[in-house]
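S.K.: Quick one: structure below, then a few questions.
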């Protein structure tokens, strides 16, 4: 349609209608046809002009002078007081600048639609319809549609060659591949969006946003009025960022099942294959046939028949990149560096030709390996360029070497991209520039970068468990969403949401209560509220925290079986609130003279600790049991990641006099939020089967899996229950118990004791809390990496690697504590920081979540209710030894538990090597592996147990049913719209 509108805009008929139609018919024709596309084109052009004007103004370096010196111009200053000219200038400029927001509102194409909603449905109905449109990402679709309309209208105005493009209007629920999306939207959306992102980054780097941080001079009314308005970076660029982000992400948002993790991994492999395929190569998927090179050459063929004026228009347009290059370089450097940048861009073309030759030599290599090598070389080039510019080119001026290097890098990218865009006009039929190896390699260079950058948010969104479920529900109605969603996704999304909330609360509270005794502000708190009988630094709060958590875990071992995990979490949330109430009473009970009893303080901390001890094991068991078999290996990852994030938050805010009190309030609030959330979920199916029977378990599974038929999983649960009652393998049970105890001791010392030790190690540095916080961020990155590693390595291999690394690391720390060989070294901070980063990354990779999920999965259902909470009681009790050693001496004795941790890791390493793997990657004994294999064989046999006759009969019945439905639908379509009923209305079709 946009192509046709472009042809119409150039035709004589449009001119004649514009010249002879009356005013009202002309408005109607304009709005409903050519004018709509022209206005859409103008909207995007306005956005480009706006951001380029902002960038050019920032690169000119005169933003501050314009605002602060506006009143000094004679035309304003001489007419300010008699005519109020300064106010008029400001208001006129304000109106002009705010015009862009009115224009950006047109991007969403919702203003006429909103009026229609309210006119047809009334106030309440209109608001409901509008909210539904927003929640289902309607504005994202409209913004993307604007980009599509603008591109094809503009392309046809310049080049012509309009042709009909079939888009299809059927109802489709199959997932389109990333390659197909990139081929469809690369030219029209992705490249333009990345250009807008680059411009926003330039404006962020060189824009002046601190103009109003200093007081304007007296009488400078223009500057005063300017500073009363919102002039932040986000306010000025939010519309441009919205366009860019929605152009990049909308194809993924509206792609059915587009955020499924397994399919996203397949997309990455397919994209790497497509990028490096030969032009003559074929593929079963026709989308990949010919590879990137064939598609790119086909995209350049539109220039074969274009006119000279069209080529000149493209050249003039693309010259904007070289203006950016000039301004960004000359802002910080002399003009001669522009020549250096152009020479570097020309040299890059030579390097790309070498890449072409290397690519010819690597034709037989694996596509993923070639993509990884190409990406590594790109990153090496970027890092190496900055290092060389800082250490060689700008060595004489180290203070601003980074700023100058960044200016050159921006200018280099703008020049290289401008060359790439201008080379397109050199494509003639019979003599095309796209046949030159350097030209194709330059285009490949940018398409590889753009594709890789697009895959990053796609992978990140696909890794978030509940994003795919949210996306599916956003696209389809409730009934159809249940039909197309996988049951494992729903259960894992519930586990992830619950684990993230509880993990942040527990990690935050655990580290805060365990380390508050060491905080300087704690002694101030005790003095302020007359708690003089409590001596800071003696470990009393740490002992109460650990003791209360142990009590809470023991209570969970009884309550988990008696009343279930949901009731246990409910009671834990209530106790956390009572603990906060007790702490809030302390200021009001402080006497004016003397001292108050510490019982209220210890009682509040104890209640918080008990709630912590109840919450963590109960939620760990619950999220493991509600997950499907194939997702249990990753079910603890959200909980573990959130636990590390909560610890990082606590370490960042550590040290305040009253800060630990409000931190406890936030933790209690998060725990209290878990209570209504748990009431929305059903109880664990294993607990329901054990305590309430088969029918109640079937109901719970139907809610969790979002499907009525769960016979196979019910059969597995009953078999597990029967095997647990029959098995009396004492040797295997003892082995599991011993391995679990060792694993929980390692986890306890590496989380509680090691965190406190590392935080105390950096107290001699000025930014001690930030160094430890950075260490926890590295650990969180290790947990994220383990999400991908678990697809390749079973947990036994992952534990083997990380136990060895933790054992060696703990032994090294213990040796340094006993014989401080780094004491007095000028590089002590750097060496210690790097060592801690590596150690905590290893810990996050295989210990933070892997130990919890494997210890939980080692036990049968009935045993798990009691054993796992008792193991968490041990987990909370173990750090008491390190606390006692710390109280005795702050500078010595840590080597004792560090050597113990190292020895435990090595012993556990030997036991883990002797274990086996389940099909889902978890560790188990050899007997459990045999049972698991037998169960899978039975399930496989039951799926193939149908007789050929029954299978053929079912096919005939299904075919006849489909035929009858199609006949009835064909009849109903004659004169009615019953064919387009929702899937929920026609549930039999689904």
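Numbering (our numbering), first residue to last: 18 to 1007. Where is the CB? At the ideal position from N, CA and C, for every residue including glycine.
Where does the unbroken alpha helix (DSSP H) through residue 279 begin, and where does it stop?
M.R.: Here residue 279 refers to the residue found at position 262 when the chain shown is read from its first residue. Where residue 279 is concerned, the enclosing alpha helix (DSSP H) stretches over 278-293.
S.K.: Excluding five sequence neighbours on each side, which residues of the same chain lie with their C-beta closer than 6 Å to the C-beta of residue 422?
M.R.: Here residue 422 is taken as the residue at index 405 of the chain shown, counted from 1. Closer than 6 Å at the Cβ level, and outside the excluded window around residue 422, lie 403, 406 and 407.
S.K.: What separation, rounded to the nearest whole angstrom, lies between the Cα atoms of residue 342 and residue 72?
M.R.: The residue you call residue 342 lines up with position 325 of the chain shown. The residue you call residue 72 lines up with position 55 of the chain shown. If I take the Cα positions, the gap works out to 12 Å.
S.K.: In this structure, does DSSP put residue 969 in helix, strand or coil?
M.R.: Numbered from its first residue, the chain shown carries residue 969 at position 952. In this predicted model, residue 969 has a pLDDT of only 42, less than 50, meaning its place in the structure is not dependable; the value taken from the coordinates is given anyway. Here residue 969 sits in helix by DSSP.
S.K.: So which of 384, 699, 755 and 895 has the shortest CA-CA distance to residue 942?
M.R.: Against the chain shown, residue 942 aligns to sequence position 925. Ranking 384, 699, 755 and 895 by Cα distance to residue 942 puts 755 first.
S.K.: Cα separation between residue 32 and residue 47?
M.R.: Counting from one through the chain shown, the residue named residue 32 turns up at place 15. Counting from one through the chain shown, the residue named residue 47 turns up at place 30. One C-alpha to the other measures close to 12 Å.
S.K.: Could you give the distance in angstroms between the alpha-carbon of residue 912 and the alpha-carbon of residue 554?
M.R.: If you number the chain shown from 1, residue 912 lands on position 895. If you number the chain shown from 1, residue 554 lands on position 537. Each residue's Cα considered, the two are about 20 Å apart.
S.K.: In three-state DSSP terms, what is residue 934?
M.R.: Residue mapping note: residue 934 aligns to position 917 of the chain shown, counting from 1. Correct three-state label for residue 934: strand.
S.K.: Taking the alpha-carbon positions, what's the residue 886 to residue 850 distance?
M.R.: Counting from 1 along the chain shown, the entry for residue 886 is found at position 869. Counting from 1 along the chain shown, the entry for residue 850 is found at position 833. Their backbone Cα atoms lie some 35 Å apart in a straight line.
S.K.: Considering only the alpha carbon of each residue, which of 353, 719 and 541 lies closest to residue 428?
M.R.: Position 411 of the chain shown, counted from the start, is the residue given in the question as residue 428. Closest option to residue 428, Cα to Cα, is 353.
S.K.: DSSP state of residue 653, grouped into three classes?
M.R.: Stepping through the chain shown from its first residue, residue 653 is reached at position 636. If DSSP states are grouped into helix, strand and coil, residue 653 belongs with coil.
S.K.: Using only the alpha-carbon positions, how far apart do residue 720 and residue 883 sit?
M.R.: The sequence position of residue 720 within the chain shown is 703, counting from 1. The sequence position of residue 883 within the chain shown is 866, counting from 1. C-alpha separation (whole angstroms): 26 Å.
S.K.: With DSSP as the reference, identify every bridge partner of residue 941, one or two as the case may be.
M.R.: As a first step, residue 941 is located in the chain shown; it is residue number 924 there, counting from the start. According to DSSP, residue 941 bridges with 933.
S.K.: Can you say whether residue 321 is buried or exposed, counting buried as having 16 or more other CB atoms within 10 angstroms of its CB?
M.R.: For the purposes of this step, residue 321 is taken as the residue at position 304 of the chain shown. Under this definition residue 321 is an exposed residue.
S.K.: Using only CA atoms, which one of 799, 575, 626 and 753 lies nearest to residue 659?
M.R.: On the chain shown, residue 659 is found 642 positions in, with the first residue counted as 1. Comparing Cα-Cα distances from residue 659 to each of 799, 575, 626 and 753, the minimum goes to 799.
S.K.: Look at residue 274 and residue 192 and say whether their C-beta atoms are less than 7 Å apart.
M.R.: The count along the chain shown starts at 1 and reaches residue 274 at position 257. The count along the chain shown starts at 1 and reaches residue 192 at position 175. Against a cut-off of 7 Å, the Cβ pair of residue 192 and residue 274 comes out as a contact.
S.K.: On the three-state DSSP scale, how would you describe residue 46?
M.R.: By 1-based counting over the chain shown, the position of residue 46 is 29. Note: residue 46 maps to helix in three-state DSSP.
S.K.: For a quick check, are the C-beta atoms of residue 633 and residue 760 less than 7 Å apart?
M.R.: Sequence index remark: in the chain shown, residue 633 carries index 616 (1-based). Sequence index remark: in the chain shown, residue 760 carries index 743 (1-based). Against a cut-off of 7 Å, the Cβ pair of residue 760 and residue 633 comes out as no contact.
S.K.: For residue 796, is the classification buried or exposed, using 16 other Cβ atoms within 10 angstroms of its Cβ as the cut-off for buried?
M.R.: Start at 1 with the first residue of the chain shown, and residue 796 comes out as number 779. Label assigned to residue 796: buried.
S.K.: Between residue 602 and residue 586, is the Cβ-Cβ spacing less than 7 Å?
M.R.: Here residue 602 refers to the residue found at position 585 when the chain shown is read from its first residue. Here residue 586 refers to the residue found at position 569 when the chain shown is read from its first residue. It is not a contact, given that the beta carbons lie outside the stated cut-off.
S.K.: Hey, is the region 308-325 in contact with the region 442-460, meaning 3+ C-beta pairs nearer than 8 Å?
M.R.: A contact exists between the region 308-325 and the region 442-460.
S.K.: DSSP state of residue 807, grouped into three classes?
M.R.: Translated into positions along the chain shown, residue 807 becomes position 790. Coil.
S.K.: Using a 10 Å radius around the Cβ and a threshold of 16 neighbouring Cβ atoms, would you call residue 812 buried or exposed?
M.R.: Here residue 812 is taken as the residue at index 795 of the chain shown, counted from 1. Result: buried.
S.K.: At which residues does the alpha helix (DSSP H) containing residue 901 begin and terminate?
M.R.: Translated into the one-based positions of the chain shown, residue 901 becomes position 884. Residue 901 -> alpha helix (DSSP H) spans 896-905.
S.K.: Can you give me the start and stop residues for the alpha helix (DSSP H) that residue 474 sits inside?
M.R.: Locating residue 474 in the chain shown gives position 457, counting from the first residue. 454-480 is the extent of the alpha helix (DSSP H) around residue 474.
S.K.: On the three-state DSSP scale, how would you describe residue 984?
M.R.: Along the chain shown, read from residue 1 onward, the residue named residue 984 stands at position 967. Any reading at residue 984 is ruled out, since the residue's pLDDT is 44, under 50, leaving its predicted position unreliable.
S.K.: For residue 263, collect the residues of the same chain with a Cβ closer than 7 Å to its Cβ; drop the 5 residues on either side in sequence, then sort them by chain order.
M.R.: Position 246 of the chain shown holds residue 263. These residues qualify, in order along the chain: 157, 160 and 161.
S.K.: If we ignore side chains and look at the alpha-carbon of each, how far apart do residue 370 and residue 325 end up?
M.R.: In the chain shown, the residue the question calls residue 370 occupies position 353. In the chain shown, the residue the question calls residue 325 occupies position 308. Each residue's alpha carbon lies about 29 Å from the other.
S.K.: Which residues in the same chain have their Cβ closer than 7 Å to the Cβ of residue 853, if we skip the five residues on either side of it in sequence?
M.R.: Counting from 1 along the chain shown, the entry for residue 853 is found at position 836. Closer than 7 Å at Cβ, skipping near neighbours: 775 and 792.
S.K.: Looking at C-alpha atoms only, which residue of 205, 864 and 790 is the closest neighbour of residue 929?
M.R.: In the chain shown, residue 929 corresponds to position 912, counting from 1. Cα-wise, what sits closest to residue 929 is 864.
S.K.: Going by DSSP, what residues sit across from residue 445 in a beta bridge?
M.R.: Counting from 1 along the chain shown, the entry for residue 445 is found at position 428. Residue 445 pairs with 448.
S.K.: On the DSSP letters alone, give me the boundaries of the alpha helix (DSSP H) that residue 200 sits inside.
M.R.: The residue you call residue 200 lines up with position 183 of the chain shown. Element bounds for residue 200: 195-202.
S.K.: When the distance is taken between beta carbons, is residue 939 closer than 7 Å to residue 5?
M.R.: Because residue 5 is not part of the residues shown, which for the chain are 18 to 1007, the question remains open.
S.K.: Taking the alpha-carbon positions, what's the residue 858 to residue 441 distance?
M.R.: Counted from its first residue, the chain shown places residue 858 at position 841. Counted from its first residue, the chain shown places residue 441 at position 424. Roughly 46 Å between the two C-alpha positions.
S.K.: Assuming residue 637 contacts residue 869 under a Cβ cut-off of 8 Å, what Cβ separation, rounded to an integer in Å, is found between them?
M.R.: Locating residue 637 in the chain shown gives position 620, where the first residue counts as 1. Locating residue 869 in the chain shown gives position 852, where the first residue counts as 1. The Cβ separation is near 6 Å, so the contact holds.
S.K.: Only counting the same chain, and skipping five residues up and downstream in sequence, which positions put a Cβ closer than 7 Å to that of residue 14?
M.R.: Because the chain in this structure spans residues 18 to 1007, residue 14 falls outside the shown range and cannot be described.
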